[in-house]
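**Student:** Got a structure here, written out as C-alpha cells. Questions coming.
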Amino acid sequence: MTGDRDSRKRILELEKELKYSKESLQTTIDELETAKEETQSLNEELVTVNSELQGKIDELTEINNDMKNLLDSIQIATIFMSNNLKIKRFTPEANKIINLIASDVGCPSAHIASNLKCKFIIPLDSGRWKWTRDKSAMCSLTWL
C-alpha cells in the first residue's frame, strides 16, 4: 500500500506541475498574442506614416525639379548659400563668373576660386548678403 500511496502522491505532484506548466504556457501565449497585436498596430501606424512621408518626398522632389528647371532656364547668375556661407546650389550662369563645379556644393564660399575682386561679404537686413569691394555691390547672394 505504501507503493500505491507513493505512486498517487507522485501522480498528484506531476499533475500539479503539469497544471502549473499549462498555466505558465497559457500566460506566455496570452502575452505573445498581446505583443503581436501591439506590433501589428504599430506596423500599421508606421505604414501610414511611411506613406505620408513618401508623399511629401515625392512632392519635394517635384518642387526641387521645378526649381532646378527654373534656375537652369532663367539665365541669371545665382548662388544659393546656407547661413554659414556654404554653397547649396548655383545656376549655370554663375559658373561663368565664379568657376563653380558640382563638387563645390557644400563648400564654404571662401574656398571657391573666383574672377570677382570682392573684399567683403556684408549681411543685409533683408536676409541677403552683398559681396563688395567698397560700398558698391559687385553682386548679390541669396541667403537661405
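For the sequence shown, this note's numbering begins at 11 and goes up steadily by one.
Glycine included, every Cβ here is placed at the ideal spot set by N, Cα and C.
#1: If you check the beta carbons only, do residue 87 and residue 104 fall under 8 angstroms apart?
#2: Note down the Cα distance separating residue 22 from residue 54, rounded to an integer number of angstroms.
#3: DSSP state of residue 89, grouped into three classes?
#4: Excluding the 5 residues flanking residue 114 on each side, which residues of the same chain have their C-beta closer than 7 angstroms to its C-beta?
#5: Considering only DSSP beta bridges, list what residue 96 is partnered with.
#6: Quick one: using the 10 Å Cβ neighbour count with 16 as the cut-off for buried, is residue 243 buried or exposed?
#7: Please look up how many angstroms separate the CB atoms of residue 102 and residue 82, rounded, as I've assumed it's under 8 angstroms.
#8: Spatial neighbours of residue 109 within its chain, please: CB distance less than 6 angstroms, with the 5 preceding and 5 following residues excluded, ordered by chain position.
#9: Answer yes or no: do residue 119 and residue 95 have a C-beta to C-beta separation smaller than 8 angstroms?
**Tutor:** A quick look at the data gives this:
#1: Yes, Cβ-Cβ distance for residue 87 and residue 104 is below 8 angstroms.
#2: Rounded to the nearest angstrom, the two C-alpha atoms are 47 angstroms apart.
#3: Strand at residue 89.
#4: If we look at residue 114 and ignore the five residues flanking it on each side, its Cβ neighbours are 97, 122.
#5: Residue 96 is bridged to 118.
#6: The requested residue 243 does not occur in the structure, where the chain is confined to residues 11 to 154.
#7: Contact between residue 102 and residue 82 is confirmed by a C-beta separation of about 6 angstroms, below the 8 angstroms threshold.
#8: So the list reads 123, once near-sequence residues are dropped.
#9: In contact: residue 119 and residue 95 (Cβ atoms closer than 8 angstroms).
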